[in-house]
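Heads up: the protein sequence lines correspond to chains A and B, in order.
Residue 1 is where the first sequence starts when you use the numbering used here, and the numbers rise one by one after that.
Residue 1001 is where the second sequence starts when you use the numbering used here, and the numbers rise one by one after that.
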Amino acid sequence: MTVHGEGDLMTTPPAPEAAGRTPVRAGGFGPDTVDGAAATPEELQPYVELGLRDDEYDRIRQILGRRPTHSELAMYSIMWSEHCSYKSSKVHLRQFGEKAPPSDRLLAGIGENAGVVRVSDELAVTFKVESHNHPSFVEPYQGAATGVGGIVRDILAMGARPVAVMDPLRFGAADHPDTARVLPGVVAGVGGYGNCLGLPNIGGEVVFDPCYQGNPLVNALCVGVLPVDRLQNKAAAGVGNVVVLMGAKTGRDGIGGVSVLASATFDEGSEQRRPSVQVGDPFMEKLLIEACLELYDAQLVVGIQDLGGAGLTCALTETAAAAGTGMRVWLERVPLREPSMEPHEILASESQERMLLVVEPEKLEAVLKTAEKWGVWATAIGEVTPAQPDGQPGRLVITWRDHLVVDVPPGSLVDDGPVYARPMREPADLILLQADRAETLPRPATPEALRETVLRMIASPNLCDKTWVTEQYDRYVLGNTVLAQPEDSGVIRIDERTGLGVALSVDGNGRYARLDPYQGTKLALAEAYRNVAVTGAKPIAVTNCLNFGSPEDPGVMWQFAEAVRGLADGCAELGIPVTGGNVSFYNQTGAAAIHPTPVVGVLGVLDDVAERVPMGFAPRAGTDHDLIFLLGETRLELSGSEWAWVTHGHLGGVPPRVDLAGEQVLADLLAEAARVGHLSSAHDLSDGGLAQVLVESCLRRGVGARIALPEAFTGGSMPFVYLFSESSGRVLVSVPRGHEKAFTALCGERGVPWAAIGVTDPAGGALEVQGQFRIGLDELLTAFTSTLPRLFGGAADATVPGAPAPTPVAPVGDAPAHHAEPSAGAGVAGSASTAAPVVPEAAEVPVAVEPAAAPVVAAPEGVEQADVSQAGPQAPGVTVGPQVGFGPEVGSPVVQAEASDADELGAGQPDADQFDGGGPEDGTPAPPAQH
Amino acid sequence: MTARVGVVTFPGSLDDGDAARAVRIAGAEAVRLWHGDADLHGVDAVVLPGGFSYGDYLRCGAIARFAPVMEAIIAAARDGLPVLGICNGFQILCEAHLLPGALTRNQHLHFRNRDQVLRVESAGTAWTNTFQPGQEILIPVKNGEGCYVADPRTLDELEAEGRVVARYVGGNPNGSQRDIAAITNAAGNVVGIMPHPEHAVEALTGPSLDGLGFFTSVLKHLTGVPA
Chain A
1 MTVHGEGDLM TTPPAPEAAG RTPVRAGGFG PDTVDGAAAT PEELQPYVEL GLRDDEYDRI
61 RQILGRRPTH SELAMYSIMW SEHCSYKSSK VHLRQFGEKA PPSDRLLAGI GENAGVVRVS
121 DELAVTFKVE SHNHPSFVEP YQGAATGVGG IVRDILAMGA RPVAVMDPLR FGAADHPDTA
181 RVLPGVVAGV GGYGNCLGLP NIGGEVVFDP CYQGNPLVNA LCVGVLPVDR LQNKAAAGVG
241 NVVVLMGAKT GRDGIGGVSV LASATFDEGS EQRRPSVQVG DPFMEKLLIE ACLELYDAQL
301 VVGIQDLGGA GLTCALTETA AAAGTGMRVW LERVPLREPS MEPHEILASE SQERMLLVVE
361 PEKLEAVLKT AEKWGVWATA IGEVTPAQPD GQPGRLVITW RDHLVVDVPP GSLVDDGPVY
421 ARPMREPADL ILLQADRAET LPRPATPEAL RETVLRMIAS PNLCDKTWVT EQYDRYVLGN
481 TVLAQPEDSG VIRIDERTGL GVALSVDGNG RYARLDPYQG TKLALAEAYR NVAVTGAKPI
541 AVTNCLNFGS PEDPGVMWQF AEAVRGLADG CAELGIPVTG GNVSFYNQTG AAAIHPTPVV
601 GVLGVLDDVA ERVPMGFAPR AGTDHDLIFL LGETRLELSG SEWAWVTHGH LGGVPPRVDL
661 AGEQVLADLL AEAARVGHLS SAHDLSDGGL AQVLVESCLR RGVGARIALP EAFTGGSMPF
721 VYLFSESSGR VLVSVPRGHE KAFTALCGER GVPWAAIGVT DPAGGALEVQ GQFRIGLDEL
781 LTAFTSTLPR LFGGAADATV PGAPAPTPVA PVGDAPAHHA EPSAGAGVAG SASTAAPVVP
841 EAAEVPVAVE PAAAPVVAAP EGVEQADVSQ AGPQAPGVTV GPQVGFGPEV GSPVVQAEAS
901 DADELGAGQP DADQFDGGGP EDGTPAPPAQ H
Chain B
1001 MTARVGVVTF PGSLDDGDAA RAVRIAGAEA VRLWHGDADL HGVDAVVLPG GFSYGDYLRC
1061 GAIARFAPVM EAIIAAARDG LPVLGICNGF QILCEAHLLP GALTRNQHLH FRNRDQVLRV
1121 ESAGTAWTNT FQPGQEILIP VKNGEGCYVA DPRTLDELEA EGRVVARYVG GNPNGSQRDI
1181 AAITNAAGNV VGIMPHPEHA VEALTGPSLD GLGFFTSVLK HLTGVPA
């Protein structure tokens, strides 16, 4: 059997320091050693190719008192890369700590592998979201799969059992040919890894926008649970303790850029391209999880760190630096997949499924036994050494076959990296962009036009049903999934005895952030917070993944600073801390950056998951029904909306107002109403507004509704405004008959605006907006569910179950009570070309604009995604026609390199691949080149 | 006396905890069995749970079939021990030749997770005796390689002998021949099922409670009285 690695277990502690070193001449047939480096100070080193600046290289020489060896140079270049050092973001991220509200729940925060919050006396929860953007563009399946694997190990390293994953995904235009390559691979990769790990996928996002064409955003979130006293840390404490590498063998995957060192050393012009995207083995990770948990429970480890970006380099330096100790490592003991690997390759390798343990010598045997039981390799590769006699932290000393290849102060790689306050400047086009408000666009004003708009919007790629994606994920495994996608939050039971559970949501809106990064980030926070609150949970902590363009662009840097400020301020206002996160820079194609895309995750607690509130209207027997209320205020807010984008290809104006104090009041109200049983359903309003939420609430369990618009929203295009405005801070709830008086009294008491807007109609089979339209649920369902199968295949798979549950029971996890046959080609997205009659609206028109003169834009499918924001400055209020096309890069997009996502790419080198000649052999687009 | 139902953990088993929970909810004692241990610890029945045993390397179930615990299970099953293989467990039972046929990649090539209606065709097995023949039930299906195939003669035999235990209704999620979701051996003590009854045992987490019937059935089979 292949799964046991007994033969590879090293069962003896490290040997004492090997005697004697052989100085090897640099450029000769041996590794570049410390002595060699001291003897050849003038040797030219490829630090520029490795992404280091002149002054950074000089500083390394200063720290070491000589030139670095090749291995050391590789280590510094990785650890001082944007991704590992956060050198451009550090000065801004400090706000998360400085502005953090006091929290007695926080057990571990920023700087740890993941934040940990206490949720009961016994239990804590850890969660974090990370990006794996660039690898997922180069190799969608493995890029996405290893993104999941990486975040799961972060959670594992905190002492937690991972219990669920979520995946916020962003792609280019839905109908772009390259999206058909990237999306199915990414989805299969997320599923392939998570399913095989046995982690339920409970939510996420699937968003399309041309700005992500060459830079899909593949973010992955993992949540884990641990007993409070099982919290682990990464410090390599205890002189004489053994350093153990556990998990997969180390191979050449993911070493990307440092292969330049091999070329430089040996002058081999034919140095082969090294795969720079890692390859995942979820089976190995599953075994690693079980082995680690067994080690934790038996209290066999002193410290633990996962190997992710920067591989062994990062794990060795961070564990040593955290303890202030030194470390002695025998690199040849690292089990290799390819025996010809050189020291700098072993140190830089990003092979997956590995953990670094620090173990007391007397417990080593038990550790190795546990590893053997689970069939994973575990090898003692080093030991913890004392601090310097003068009290300075110890040194990291690494030999390879008796050659001294590394001798560095570990803290110099981890804590003393460069920090930059990069220049920032508000993008020049922002004023014009904000003046170009969507509220001036022609709006539907007849019942027929409104009906057509509803059907067209729910079929648009960002609003349509995402089952094509989510049914590739296991949401049942572990048996604790109480709510999963498409619910507003995923809800997981974490204590079967008490029913204690957590709710999680991740949200972001790149368009809002483009229009106003400060408010846009607060809006993302507000949405995630509200999504958690609608389940009845109490939001308690925040994580984030900040996806941006190049920090060297002052405009991008300004967006980033504004976003961080917005998130820090927002969390302070809401009284919940940021517990950790991730920054991904250099997401751009050529000079065009993606929309600034802060993705915010919020964690909430439910004392008893049985009280959770689902999003769908509840089926009722006979003529019974629930009453429908809209909470919050609806304003004329269409700028940045899904409607403006889908119908007019328009992005401009300022995003909806955000009121975090109001969100807090709303959340408290929802929790209270859920607790006392006032709520049959609750669903957050965001993209697509009320119309979208009504449709989703109806289709979730096949229950119709009859809606009467409030007086103030009748006449002209006001019904449209009520249905499609994206005002923040709103929730649609349904309340059982008999509860309405108490519920509205509660709203009054809390000061939450409410409007009774209709009733559910379980037997009616339709969504009716009185005086406007009545659409059968079947017609809604066909429009809602046809789009992704039509775009990505599967429409021919006419095997969709058609029957509702024969034995329906109480509201349960995730049981759509209604299905339909996706009818090939029947999508209504294309009907945009026959767009409804539109009338200009006089209200909210900026000066000097004559909306009636604006062209009535009927965006035909295929051009509706044009990004007006890329079209340069425009006169305020002028409606700009769709811009066709996505540039010449179709099929061979060239991507701006990323440094901060660089761990994902391989060795953390922004320009890693420009040394490798041609593109990958499999015909995938050329990896990044930086200029 | 409480019946003792073993649940095997292979490296890569994922739904073993869920199967054990289902056994407990049905009223029996769940006994965890380890792949490397050939001792069945005197259990009265065995569940082979879902997952990716041995990473699905080589073929799904192909390596697990040779695990020490399987030698004991194969021998005991031939002597009448009730064995339920769910998903990966079904694949293992086919690889172990306790059940005929094989499970191959879903016809549409995607992993698929959805709530699936099944029709119970045979209530004569150790694991389905609390159902009515023809009863429709709703339980989750989730697999990448769940397409049941066998040669026509075997399929005809299964049909003729009433050994098709359950069929997919209202859509076949993986392309299985004759919509087969579950089969049994000639004696009716060994059942393989591709969907996951252990995920439909609690109102809070499943689409129904229909899965519980598989676990109460084996208790009825063991004790002779309904659980």
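The beta-carbon is built from N, C-alpha and C at its ideal position, and this holds for glycine as well.
Any Cβ of chain B closer than 8 Å to the Cβ of Phe-283 (chain A) would place that residue at the interface, and such an atom is present. The beta carbon of Arg-153 (chain A) is closer than 6 Å to those of Asp-306 in its chain, skipping five residues each way along the sequence. For Gly-1012 (chain B), the residues of chain A that pass the 8 Å Cβ criterion are Cys-196, Phe-283, Lys-286, Leu-287, in the order they occur in the chain. In the structure shown, the three-state DSSP call for Ser-697 (chain A) is helix. Under DSSP, Arg-493 (chain A) forms a beta bridge with A:Gly-501. Identification of chain B residues near Tyr-473 (chain A) by a Cβ-Cβ cut-off of 8 Å yields Phe-1111, Asn-1113, ordered along the chain. The C-alpha of Gly-324 (chain A) is placed about 14 Å away from the C-alpha of Gly-240 (chain A).
Residue environment for Asp-407 (chain A): buried (at least 16 other C-beta atoms within 10 angstroms of its C-beta). Every unbroken stretch of the beta strand (DSSP E) spanning 3 or more residues and falling wholly within the segment 654-725 of chain A is given here in chain order: 681-684, 704-707. Residues of the segment 1200-1218 of chain B whose Cβ lies closer than 7 Å to any Cβ of chain A, in chain order: Ala-1203, Leu-1204, Thr-1205, Gly-1206, Pro-1207, Ser-1208, Leu-1209, Asp-1210. A straight-line Cα-Cα distance of about 11 Å links Asp-761 (chain A) and Ser-734 (chain A).
Within 10 angstroms of the beta-carbon of Ile-431 (chain A) lie fewer than 16 other beta-carbons, which makes it exposed. When the five nearest sequence neighbours on each side are left out, the beta carbons in the same chain lying within less than 8 Å of the beta carbon of Leu-669 (chain A) are those of Leu-631, Leu-746, Cys-747, Arg-750, Val-752, in order along the chain.
Taking 8 Å as the threshold, the shortest C-beta distance from Pro-1133 (chain B) to chain A does not fall below it. Between the segment 654-665 of chain A and the segment 673-683 of chain A there are fewer than three inter-stretch CB-CB distances shorter than 8 Å, so the stretches are not counted as touching.
The shortest CA-to-CA distance from Ala-298 (chain A) to any of A:Leu-364, A:Ile-757, A:Leu-723, A:Gly-590 is the one to A:Leu-364. Those residues of the segment 365-393 of chain A placed with their C-beta closer than 9 Å to a C-beta in chain B are Lys-373, Trp-374, Gly-375, ordered along the chain. Looking at the DSSP output, Tyr-1168 (chain B) bridges to B:Leu-1118. When DSSP states are grouped into helix, strand and coil, Thr-1104 (chain B) belongs to the strand group. Counted as a single uninterrupted DSSP element, the alpha helix (DSSP H) harbouring Asp-1018 (chain B) occupies residues 1016-1026. Pro-517 (chain A) sits in a helix when the DSSP states are folded into three classes.
At a cut-off of 8 Å between C-beta atoms, Leu-478 (chain A) counts as an interface residue with respect to chain B.
Excluding sequence positions up to five before and after Gly-159 (chain A), its CB lies within less than 6 Å of the CB of Leu-226, Arg-230, Leu-231, Gln-232, Tyr-296, all in the same chain and listed in chain order. Look at Cys-222 (chain A) here: in three-state DSSP terms it is strand. The beta carbons of Val-1023 (chain B) and Leu-1048 (chain B) sit no closer together than 8 Å.
Secondary-structure assignment with DSSP links Glu-1136 (chain B) through a beta bridge to B:Arg-1119. Linking Glu-353 (chain A) to Ser-1176 (chain B) through their CA atoms gives a straight-line distance of about 35 Å.
Sequence-ordered contacts of the segment 584-614 of chain A with chain B read Val-609, Ala-610 [C-beta pairs closer than 7 Å].
Using a CB distance cut-off of 8 Å, Thr-481 (chain A) counts as an interface residue toward chain B. Straight across, the Cα-Cα distance linking Lys-369 (chain A) with Pro-427 (chain A) is about 59 Å. Not a single CB atom of chain B sits nearer than 8 Å to the CB of Gly-204 (chain A). Spanning the alpha carbons of Val-502 (chain A) and Leu-732 (chain A) requires a straight line of approximately 22 Å. Counting C-beta pairs closer than 8 Å gives three or more between the segment 464-480 of chain A and the segment 1113-1121 of chain B, which meets the contact rule.
Cβ neighbours of Thr-146 (chain A) within its own chain (closer than 6 Å, five residues either side excluded): Gln-278, Gly-280, Gln-352. Under DSSP, Cys-545 (chain A) forms a beta bridge with A:Asn-582, A:Val-599. If you compare the alpha carbons of A:Ala-322, A:Val-602, A:Val-242, A:Ala-100 with that of Glu-360 (chain A), the shortest gap goes to A:Val-242.
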